[in-house]
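Novice: Structure incoming, see below.
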């Protein structure tokens with residue numbers, strides 16, 4: 002067998018590395034339970050093929066992203082994937098940390114709006130503020146915090162740094178103090194796109210539904226899920 006052939010494997014089993022998908026693998030001892038461990042010659046990643054715990058399977062992160070974006074709750078996702086709730090929460094936070102925020106394009110027009118939600122109990126209200134690109138309907142930036150100008154200002158500042166052409170909002174008075182007059186527009190129907198996105202958010206993410214038993218217990222998890230929904 003030609004050693005330079007891409008499917009040539011020294012131990013004669015057709016597996017691939019879960020990290021780089023390389024098929025140049027060698028045996029690398031066994032685990033404490035007697036399972037064969039393999040080592041990738043390309044990236045030096047060590048792994049086993051038949052994991053006993055579902056959380057370590059290769060496509061687990063992709064499944065978590067799909068289920069999260071389709072609106073499944075934490076416990077529903079954990080039941081379907083057959084992993085613990087604690088492991089799922091840790092994995093969601095880990096996935097979110099690995100997601101890179103896309104760069105904000107210079108000179109675009111944006112719509113900015115806010116959504117009300119709560120953390121733990123209804124007395125702990127929080128705002129989800131985000132900016133939507135009017136042209137390609139992608140989320141440029143978002144922030145979660147209390148109902149203050151500081152929460153709004155972080156998103157507005159990002160748009161100003163990107164030299165936004167126009168910023169469309171509703172008639173909330175806070176925006177008048179935060180957005181320069183030459184950029185600020187509050188015409189009728191000027192926030193139709195982002196209002197429609199608000200509806201999609203409430204439909205797709207159970208924790209944001211108006212009448213539901215699902216809610217966020219942690220601000221960290223809420224931000225992680227929004228990062229996955231917006232940018233994965």
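Residue numbers (the working numbering): 2 to 233. Virtual Cβ for every residue (Gly too), placed ideally from N, Cα, C.
Residue 29 lies in the beta strand (DSSP E); which residues open and close that run?
Specialist: 26-31
Novice: Between residue 69 and residue 56, what straight-line distance do the alpha-carbon atoms span, to the nearest angstrom?
Specialist: 16 Å
Novice: With a CB to CB cut of under 8 Å and the five nearest residues on each side skipped, what residues in its chain are close to residue 7?
Specialist: Reliability fails at residue 7, whose pLDDT of 42 lies under 50, so the model's placement of it is uncertain and the value that follows must be treated cautiously. Excluding sequence neighbours, residue 7 sits near 24.
Novice: By alpha-carbon positions, which one of 27, 88, 128 ends up nearest to residue 44?
Specialist: 27
Novice: How is the alpha helix (DSSP H) around residue 97 delimited, first residue to last?
Specialist: 86-98
Novice: Any idea what DSSP makes of residue 216, helix, strand or coil?
Specialist: coil
Novice: Provide the residue(s) that pair with residue 112 in DSSP beta bridges, ordered along the chain.
Specialist: 133, 169
Novice: Give me whichever residues DSSP pairs with residue 144 in a beta bridge.
Specialist: Per DSSP, 130.
Novice: Less than 8 Å between the CB atoms is what I'm expecting for residue 97 and residue 229, so what's the real figure, rounded?
Specialist: 6 Å
Novice: Could you round the C-beta distance between residue 93 and residue 224 to whole angstroms and report it? I think they count as a contact, below 8 Å.
Specialist: Between residue 224 and residue 93 the Cβ distance is about 10 Å, and since that is not below 8 Å, they are no contact.
Novice: Roughly how far, in whole angstroms, is the beta-carbon of residue 186 from the beta-carbon of residue 164, given that I think they are within contact range, below 8 Å?
Specialist: Wrong, their Cβ atoms sit about 16 Å apart, outside the cutoff.
Novice: Does residue 107 pass the burial test, meaning 16 or more other C-beta atoms within 10 Å, or should it be called exposed?
Specialist: Flag for residue 107 reads exposed.
Novice: To the nearest whole angstrom, what separates the beta carbons of residue 82 and residue 61, a pair I think is in contact under 8 Å?
Specialist: 7 Å
Novice: Which of helix, strand or coil does DSSP assign to residue 69?
Specialist: helix
Novice: Please state whether DSSP places residue 155 in a helix, a strand or coil.
Specialist: DSSP places residue 155 in the helix class (H, G or I) of the three-state scheme.
Novice: Apply the 10 Å Cβ neighbour rule to residue 178 and answer buried if 16 or more other Cβ atoms are within range, or exposed otherwise.
Specialist: exposed
Novice: Are residue 205 and residue 74 closer than 7 Å when you measure CB to CB?
Specialist: no
Novice: Using the Cβ count rule (16 or more neighbours within 10 Å means buried), how would you classify residue 196?
Specialist: exposed
Novice: Report the rounded CA-to-CA distance for residue 32 versus residue 118, giving the unit in angstroms.
Specialist: 46 Å
Novice: With DSSP collapsed to three states, give me the class of residue 83.
Specialist: coil
Novice: Cutting at 6 Å between CB atoms, please list the residues of its own chain near residue 121, excluding the five before and the five after it.
Specialist: 218
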